[in-house]
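If you read the protein sequences in the order shown, they are chains U and X.
Anchor point for the first sequence: position 434 equals 429 in my numbering, and the numbering is continuous, going up by one each time.
Anchor point for the second sequence: position 53 equals 62 in my numbering, and the numbering is continuous, going up by one each time.
Just so it is clear, CB atoms sit at the ideal spot from N, CA and C, and this is done for glycine as well.
Remarks on the structure that follows.
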Amino acid sequence: MRQAIKDHNKEARLFNSRVLLGLICVVILLSLLIGRMAHLQLDNHDHFTTLSEKNRVRLLPEPPIRGLIFDREGRILAENMPTYTLVIIPELVEDIENTIASLAEIIEISEYDITRFKKLRKRGRRFHSIPLRYRLSDGEVARLAVDRYRFPGVDVEARLMRHYPYDELSVHALGYVGRINERELAHLDQAQYAGTDYIGKAGIEKAYEKLLHGEVGYKQVETNSRGRILRMLEYVPPVPGDSIHLTLDMDMQRAAKVAMNGENGAVVALDPRNGQVLTMISTPEYNPNWFVNGIDTARYNKLSQSQEQPLFNRFLQGKYPPGSTLKPFTGLGAMELGLLDEHDHSNCHGWMTLPGGERRYRDWKKQGHGRTNMEKAIVESCDVYFYELAMKMSIDQMYDFLVQFGFNQRTGVDLGGESSGLTPSSEWKKRIKGERWYLGETLISSIGQGFNLTTPLQLAVATGTLAMGGKRMYPQLLLQTEDTLSGALQPQTIKQSHQVTVNNPENWAYMVESMLKVVSSPRGTAHKIRSKTFTIAGKTGTAQVFGIAQDAEYDADKIAKKLRDHALFIGFAPVDNPEIAIAVIVENGGSGGSVAAPVARAVMDVYFGKKP
Amino acid sequence: MNLPNLGHTQESNTRGGQFFHLDIPMLLGLLTLSLTGLMILYSASGEDIDMLQRQAVRLGLGFAIMVILAQIPPINLLRWTPWLFGIGVLLLIGVLLFGHTGKGAQRWLDLGFFKFQPSEMMKLVVPMMVAWYLHQKPLPCGKRQLGVALLFIALPVFLIIQQPDLGTSLLIASAGIFVLLLSGISSKLIVVSVAMLSALAPAMWFFGMHDYQRQRVFTLFNPESDPLGAGYHIIQSKIAIGSGGLYGKGWFNGTQSQLDFLPERHTDFIFAVFAEEFGFAGILVLLAIYMFIIIRGLQIAAQAQDTYGRLVVGSLVFTFFIYIFVNIGMVSGLLPVVGIPLPLVSYGGTSMVTIMAGFGILMSIHTHRKLLPA
């Protein structure tokens, strides 16, 4: 059913008018486009020309040369070694797999090298050279040179690589550099690290990264369509990083390591007058050179899963019960507070109990020390004397005195990741354990057991503070910095961190005298390390690793090595005018006097052996 | 089917002296444009002769399809229209069910021997369908007919949005709507619909758009907010155009395009290459070629002898302009980034074949007119 008749002429007229309307719209929109083009191409031409130039002209970073690291006698600990690196420029190689296979017939290329190459290749650009093998030997370079014509796109480049000539020795203090990873990339100044492959990952290399790194330089270049450089427009040279001289003495480091005799532990020796760290070692060690170009997974797993924990920095992060090495501090505290003096005696018969208590607080010497005053308690390391001292001294008095020596806080050494240890107080126990403090806990705290934990570095600092009559210095490893270009030396300033309140200097002198007798007296626990050439004051310690059941016998030979007591020793020398303060810990070493003290003596021998 | 008899008889009465049913001015316009396109492509591809050859082969194919379609009398096209539409809708449903996914969107139907994009076909079939429908009605049509016609547009557009392919659905919707506008629907209705659309826009923004599409709109207004991500295309493209200046940097000398800063430089953003190398003057020439084609197309539409021919040709020509406007608008930062190529210049086959087929239909309608009595 048709409702209306189509009027073709009318429809054609209507259509034509609509086409005309459409055409007008087209013209308007077209004018809009032309206007837009005029705006971009005529009005803002200069602006966009500048932007286009910015695209075309590139800034190429020139990485600075990393500063060197020396010990206090100027021996080089970290250097930049020119090494030959085998590189491949992917763009110029037709079949990369095949090329690598053929190269492997001439020189050694490991699976790890190939995986690393593939990883780096994904990040790099086609015309950049990508390292396949580092540290080619002279022989390998020669062999490659002969067959060079067979491998277009394969090249041998000389690059500077960080190298640690002492290998393992001092690795925990020195640290190492490694390839910048993505997490680090997110945090650092990208411009400064453009073109730099390495960054300090641990130790001094990390702590002084900013100084060692230097200032990046730039080459302004014009690039062609493939991003290849056509010519250089401007050059800003990089500023090499400062060199660093450490307070460490490598002879003492080596002596400490040798004296440790393969045991696990730590040695820290410092100059108590200025806080300069002379020796700082954690055993076992590992080779930092393995980390420079990325350590392979198998070797890393072996290191990180080892029972010996070589990666663990014991002097900085190891938390050990100080044991009897804490006695000089608690003892001095009690005297300074006037709780007792040198005439007060205890009668030690090998153990004591608290009034109304069952538990026996035992002395290390089963038969007891007999009539004992403070001096004897230090020299022979009587525990019962200190238990009785603890009945007079509250845990909070003990805490207040100990923290003045730097316990329970970071020493502020110029290395990252330091532990603060633990010195208990009643407030601490309430807060952490939600329990009140018990008298029995004060007893074992007084002999450095219980909750007490210290790092070897803290012990050394506290020993130095005692030696210096209460003057506590910030320990530091940086001796001076050296401007690489001018050679100008900038000594590191020495800073005191605290002065312990001294009530009666005679108490201090008495305690030092007692510690001197630990070594000089035939009854002293460290008598075997006495020296004819210099005087040593010290204190041995034997820290329980696990609790012994009441009335059980402790037999070092029968229990597993890892459950044996830690051997400790603190000391300083010469007694009259201290120059070196030391803390030694030998894990599961057994007796402090026979195992830890000789390590301290060995280090001191090297120190005093150098003096005219 | 009860078709009005317009006095057509097939094959007889066609204009004499015509060369294979081709419109010579239009053919020359298209050839000029194609050659210009090849010239830009050669530079934009970094003097890649293989790419140039592939594009030339596609153009040849496009011209061949145009010539073949030009031979088909419009009466046949008219008869086939509803069938083509039905098949097209089925294929679109097929794409959604069995389609081949590429670049996050489902557009292709793998027929074994070749991959087929039904939405391309619908760019022609939808305006043909609307024209076929209106052809039978007295114009301007009533509200009911308008509703039916809108349904013919909305169904395929809805199916294509699901793929999702915003560019194509936009083109198809405009092609269909152009038919309606040209058919003479009242201007009051146009004003009301525009007002309604503007009111609906916020709802579209929140419920109808994908996150990436919203991002593109954000990027349009503030490309510098994300210079290395979504804003990169626009920034680099504007730099290319702007640094071209009045006369351009010269063929092969566009640093933005040659140094690889301009993305998609041989496909959607090829206009920026042209603008950089040939400048404002070059753009005026290119736009003049496009305008020549459009004006000639509208002339042909005006001369068409029946409603169907008029509406189809008119719609195709205006849609052709939409391609140009949206592409250049997008490349110069006036419009959001929508994947619409610059017709006959951008590298790529599918849309070019569709455009050339459209010109084939246009020529068929023009050259099969019956001779008017003197």
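Starting from residue i and walking both ways along the alpha helix (DSSP H), at which residues does that stretch end?
i	result
Cys20 (chain U)	3 to 33
Phe529 (chain U)	Per DSSP, Phe529 (chain U) belongs to no alpha helix (DSSP H) and is neither H nor E.
Leu511 (chain U)	500 to 515
Met393 (chain U)	390 to 398
Pro91 (chain X)	83 to 107
His364 (chain U)	Taken as a continuous stretch (DSSP letters only), His364 (chain U) belongs to no alpha helix (DSSP H), as it is neither H nor E.
Ala202 (chain U)	198 to 202
Met330 (chain U)	322 to 331
Kindly give me the distance between the Cβ atoms of residue i and residue j, rounded to whole angstroms, as I take these residues to be in contact under 8 Å.
i	j	result
Ala284 (chain X)	Ile292 (chain X)	6 Å
Met247 (chain U)	Thr274 (chain U)	4 Å
Val231 (chain U)	Tyr203 (chain U)	That belief does not hold up - the Cβ atoms of Val231 (chain U) and Tyr203 (chain U) are roughly 24 Å apart, past 8 Å.
Ala532 (chain U)	Leu563 (chain U)	Actually they do not touch by this definition, with Cβ atoms about 15 Å apart.
Ala73 (chain U)	Arg157 (chain U)	6 Å
Glu57 (chain U)	Gly209 (chain U)	Between Gly209 (chain U) and Glu57 (chain U) the Cβ distance is about 11 Å, and since that is not below 8 Å, they are no contact.
Ile309 (chain X)	His375 (chain X)	5 Å
From which residue to which residue does the beta strand (DSSP E) around residue i run?
i	result
Ala261 (chain U)	260 to 265
Gly257 (chain X)	Taken as a continuous stretch (DSSP letters only), Gly257 (chain X) belongs to no beta strand (DSSP E), as it is neither H nor E.
Val272 (chain U)	272 to 278
Tyr171 (chain U)	171 to 174
Asn50 (chain U)	Careful: Asn50 (chain U) lies outside any beta strand (DSSP E), inside the alpha helix (DSSP H) at 40 to 51.
Leu148 (chain X)	Premise fails: Leu148 (chain X) is in no beta strand (DSSP E) and is neither H nor E.
Arg145 (chain U)	Arg145 (chain U) -> no beta strand (DSSP E), and no H or E assigned at all.
Gln51 (chain X)	Correcting the residue type first, residue 51 (chain X) is Tyr in the shown sequence and not Gln. Careful: Tyr51 (chain X) lies outside any beta strand (DSSP E), inside the alpha helix (DSSP H) at 33 to 53.
Looking at the strands, I want to know which residues DSSP matches up with residue i.
i	result
Arg61 (chain U)	Beta-bridge pairing links Arg61 (chain U) to no other residue.
Lys114 (chain U)	Lys114 (chain U) is not bridged to any residue.
His493 (chain U)	U:Arg467
Asp150 (chain U)	U:Val82
Ile575 (chain U)	U:Ala568
Lys214 (chain U)	U:Leu55, U:Tyr230
His240 (chain U)	U:Phe65, U:Gln475
Ala562 (chain U)	U:Thr537, U:Val581
Lys128 (chain U)	The residue you asked about is not Lys; residue 128 (chain U) is Arg in the sequence shown. In DSSP, Arg128 (chain U) forms a bridge with U:Leu81.
Glu74 (chain U)	U:His158
Asn342 (chain U)	U:Arg366
Have a look at the options and flag the residue whose alpha-carbon is nearest the alpha-carbon of residue i.
i	options	result
Phe327 (chain X)	X:Leu37, X:Ile364, X:Leu40, X:Met218	X:Ile364
Val139 (chain X)	X:Val157, X:Gln126, X:Pro147	X:Val157
Tyr188 (chain U)	U:Gln312, U:Ala140, U:Asn176	U:Asn176
Glu353 (chain U)	U:Leu207, U:Ala197, U:Gly435	U:Gly435
Met182 (chain X)	X:Glu286, X:Leu168, X:Lys146	The sequence shown places Ala at residue 182 (chain X), not Met. Here the closest residue by C-alpha is X:Leu168.
Lys196 (chain U)	U:Val166, U:Gln215, U:Gly209, U:Ala186	U:Val166
Leu115 (chain U)	U:Pro126, U:Ser105, U:Tyr107	U:Pro126
Gly193 (chain X)	U:Phe400, U:Lys361, U:Asp409, U:Glu6	U:Glu6
Leu180 (chain U)	U:Gly260, U:Arg431, U:Asp192, U:Leu417	U:Asp192
Gly236 (chain U)	U:Ile575, U:Thr535, U:Gln304, U:Thr479	U:Thr479
Ile101 (chain U)	U:Ser389, U:Leu87, U:Leu81	U:Leu81
Leu61 (chain X)	X:Ser43, X:Leu78, X:Ala73, X:Ile74	X:Ser43
Thr45 (chain U)	X:Pro350, X:Ser252, X:Leu343, X:Ala313	X:Ser252
Gly401 (chain U)	U:Thr418, U:Lys387, U:Val497, U:Ser586	U:Thr418
Gly69 (chain X)	X:Gly358, X:Gly367, X:Ile370	X:Gly358
By the criterion of Cβ-Cβ separation under 8 Å, what are the contact partners of residue i in chain X?
i	result
Val14 (chain U)	Leu191, Leu307, Ala310, Ala311, Gly323
Ile29 (chain U)	Ile292, Leu293, Leu296
List the residues of chain U that residue i touches, going by C-beta distances under 8 Å, in chain order.
i	result
Lys247 (chain X)	Leu35, Phe43
Ile250 (chain X)	Met32, Leu35, Gln36, Phe43
Since residue i meets chain X, which of its residues come closer than 7 Å, beta carbon to beta carbon?
i	result
Val21 (chain U)	Ile303, Phe330
Arg143 (chain U)	Near Arg143 (chain U) there are no residues of chain X at all, since even the closest Cβ is about 32 Å away, more than 7 Å.
Run down chain X in chain order and give the residues with a C-beta less than 9 Å from the C-beta of residue i.
i	result
His208 (chain U)	Within 9 Å Cβ-Cβ: nothing; His208 (chain U) doesn't reach chain X, min ~26 Å.
Glu135 (chain U)	In chain order: nothing, as chain X lies at least about 37 Å away.
Can you list the residues of chain U that residue i reaches, using a CB-CB cut of under 7 Å?
i	result
Gly253 (chain X)	Gln36
Phe327 (chain X)	Gly17
Listing by chain order, which chain U residues have their CB less than 9 Å from the CB of residue i?
i	result
Gly338 (chain X)	Leu24, Leu27, Leu28, Arg31
Thr264 (chain X)	Ser47, Glu48, Asn50, Arg51, Ser220
Pro149 (chain X)	Glu6, Leu9
Leu343 (chain X)	Leu27, Leu28, Arg31
Is it the case that the CB of residue i approaches a heavy atom of the ligand HEM more closely than 6 Å?
i	result
Gln362 (chain U)	Of the ligands one can find in the structure shown there are none, so the ligand HEM has no counterpart to examine.
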